[in-house]
Every structure is written in structure tokens, then in C-alpha cells.
Amino acid sequence: MSYHGIYFAIEKIGELAEIPQLHPHSFRHTYSTELLLMGVDPTHAKKLTGHRSLLIVRRAGCSVEQSAASAAYYRAVGEEVEKQDLE
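Take the sequence shown: its position 30, counted from the start at 1, is 30 in the UniProt record's numbering, and no numbers get skipped.
Quick look at the structure:
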């Protein structure tokens with residue numbers, strides 16, 4: 001299967017699963033984010049994900065910092081707000 005075939009297959013799966021803008025690169029971004037959440041050094045994350053630049057890995061780090069800030073907020077205000085936010 002070609003790159004374009006894989007791209008469109010994953011895009012279609014995303015549509016069926018109601019996951020907006022799902023594409024093959026989403027998995028690489030998720031992997032990078034998960035590595036950073038686990039505390040892996042960005043230099044090692046760069047090597048593991050095959051990125052050429054630390055800038056790309058650091059972009060994922062920004063979303064990790066945002067996620068951590070959101071989690072801290074929800075812990076501070078309690079689960080009731082978190083459940084309400086999900087509705």
C-alpha cells in the first residue's frame with residue numbers, strides 16, 4: 001500500500017470513529033507527547049521519534065505543559081468541574 005493509501009485509510013477510520021483530522025502523523029505526535037509525559041529527555045525523544053530537530057519535539061512539549069496545567073486545575077477544583085466540562 002502506498003503512503004497515500006495509508007493516509008486516506010487512516011483518515012477514513014478517523015471519520016468513522018469521529019476523530020477529527022486523524023492522519024498518520026498524528027501517531028508520531030502522540031508518541032512524542034507520551035514520551036515527554038513519561039519524563040523522557042527531549043533529546044532521547046527526538047531520537048526515538050526520528051525527528052531531525054528538537055524544535056519539533058519541543059512543540060509536543062508545549063502541549064504536554066498545557067495538559068499538565070489543565071490536570072492541575074482539575075485537581076484543584078475537584079472532579080465535579082471535570083465531569084461538567086466533559087458534557
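For every residue, glycine included, the Cβ atom is placed at its ideal position computed from N, Cα and C.
Three-state secondary structure assigned by DSSP to residue i
{"i": "residue 10", "result": "helix"}
{"i": "residue 67", "result": "helix"}
{"i": "residue 148", "result": "The requested residue 148 does not occur in the structure, where the chain is confined to residues 1 to 87."}
{"i": "residue 24", "result": "helix"}
{"i": "residue 2", "result": "coil"}
{"i": "residue 15", "result": "helix"}
{"i": "residue 86", "result": "In this prediction, residue 86 scores a pLDDT of 45, lower than 50, which makes its location untrustworthy; the coordinate-derived value is nonetheless stated afterwards. Three-state DSSP puts residue 86 in a helix."}
Rounded separation between residue i and residue j - CA only
{"i": "residue 50", "j": "residue 36", "result": "14 Å"}
{"i": "residue 60", "j": "residue 41", "result": "13 Å"}
{"i": "residue 12", "j": "residue 22", "result": "8 Å"}
{"i": "residue 68", "j": "residue 76", "result": "12 Å"}
{"i": "residue 57", "j": "residue 32", "result": "7 Å"}
{"i": "residue 70", "j": "residue 62", "result": "12 Å"}
Best match in the options for proximity to residue i [C-alpha to C-alpha]
{"i": "residue 47", "options": "28, 4, 9", "result": "28"}
{"i": "residue 5", "options": "43, 24, 55, 64", "result": "24"}
{"i": "residue 34", "options": "65, 53, 78", "result": "65"}
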